[in-house]
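One point on numbering: in this note's numbering, the residue at position 164 of the sequence shown is 529, and numbering is uninterrupted. Below: one structure, written as structure tokens.
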Amino acid sequence: MLYGQVHLALPPWLLQMGLEQRRYTDDEARMGLAIELARLNVAHGSGGPFGAALFSGDGRLLGAGVNRVEAMTCSVAHAEMMAFMTAQSRLSRYRLNADGLRVVLATSAQPCCQCYGAAMWAGIDEMLIGARAEDVMRLTAFDEGPLPADWTGELERRGIEVRRDLQREAACAVLADYAARGGATY
Numbered sequence: 366m367l368y369g370q371v372h373l374a375l376p377p378w379l380l381q382m383g384l385e386q387r388r389y390t391d392d393e394a395r396m397g398l399a400i401e402l403a404r405l406n407v408a409h410g411s412g413g414p415f416g417a418a419l420f421s422g423d424g425r426l427l428g429a430g431v432n433r434v435e436a437m438t439c440s441v442a443h444a445e446m447m448a449f450m451t452a453q454s455r456l457s458r459y460r461l462n463a464d465g466l467r468v469v470l471a472t473s474a475q476p477c478c479q480c481y482g483a484a485m486w487a488g489i490d491e492m493l494i495g496a497r498a499e500d501v502m503r504l505t506a507f508d509e510g511p512l513p514a515d516w517t518g519e520l521e522r523r524g525i526e527v528r529r530d531l532q533r534e535a536a537c538a539v540l541a542d543y544a545a546r547g548g549a550t551y
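Structure follows, in structure tokens:
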């Protein structure tokens with residue numbers, strides 16, 4: 366029998382954090398949240414070592430996500446994808462910046478090929494990245510998939526500003542902790 370719907374869920378601990386009451390007005394705070402989500406996801410055993418959050422230009426949290434691939438038995442349940450979906454549901458639109466709203470994605474690690482593609486269509490204006498893909502693959506052995514040689518240039522040509530290596534050491538520490546705990550290495 367074919368299923369008529371798909372259900373993906375964030376872990377309960379994330380929803381209990383009261384994140385919406387805070388403002389995240391600079392890159393440090395935005396990246397700090399993405400890395401903290403990744404860290405807590407590992408600590409709670411609720412998924413892989415990745416966290417992502419979407420913000421309006423004025424620092425309002427629009428959506429958040431953590432890796433839920435294994436928990437949800439769904440290969441698309443990456444942190445960025447979960448953040449896109451929570452923000453899209455909240456704003457009732459698939460293109461988040463459709464009405465001129467400036468949207469910033471903070472992600473604890475460089476997007477894989479899936480999340481890279483989705484970022485272009487989700488309507489983000491700025492991408493903040495912690496760990497690099499080579500960090501992810503070195504520390505966890507996850508395969509991040511192929512990206513264009515000039516992937517940052519491709520995003521920038523589409524109007525998405527990219528800033529890398531924000532709190533990279535802290536993001537790498539989460540990846541290393543995940544591997545040390547025996548996390549999946551595929």
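Even for Gly, the Cβ is constructed at its ideal location relative to N, Cα and C.
Helix, strand or coil at G428 according to DSSP, with G and I counted as helix: strand
Can you list, in chain order, the residues of its chain whose CB lies under 8 Å from that of P376, leaving out five sequence neighbours each side? N406, H409, S411, G412, V431, R433 and A436
Just to confirm the assignment, what range does the alpha helix (DSSP H) spanning T390 have? Careful: T390 lies outside any alpha helix (DSSP H) and carries neither H nor E.
In this structure, how does DSSP classify A448 when only helix, strand and coil are distinguished? helix
Output the distance between the C-alpha atoms of L540 and V441, rounded to the nearest integer angstrom. 19 Å
For D500 and F415, what's the separation of their Cα atoms in angstroms? 12 Å
List in chain order: all unbroken beta strand (DSSP E) runs of 3+ residues lying wholly within the stretch 505-535. 526-528
Looking at A544: is its Cβ nearer than 8 Å to the Cβ of L493? no
Less than 8 Å between the C-beta atoms of G422 and V469, yes or no? yes
Quick one: give me the first and last residue of the alpha helix (DSSP H) that A436 is part of. V434 to M437
Start and end residues, alpha helix (DSSP H) containing A487: C478 to A487
Helix or strand or just coil, what does DSSP make of M396? helix
Just curious, the beta strand (DSSP E) that L461 is in, first and last residue? Careful: L461 lies outside any beta strand (DSSP E) and carries neither H nor E.
Tell me whether M450 is buried or exposed, calling it buried when 16 or more other Cβ atoms sit within 10 Å of its Cβ. buried
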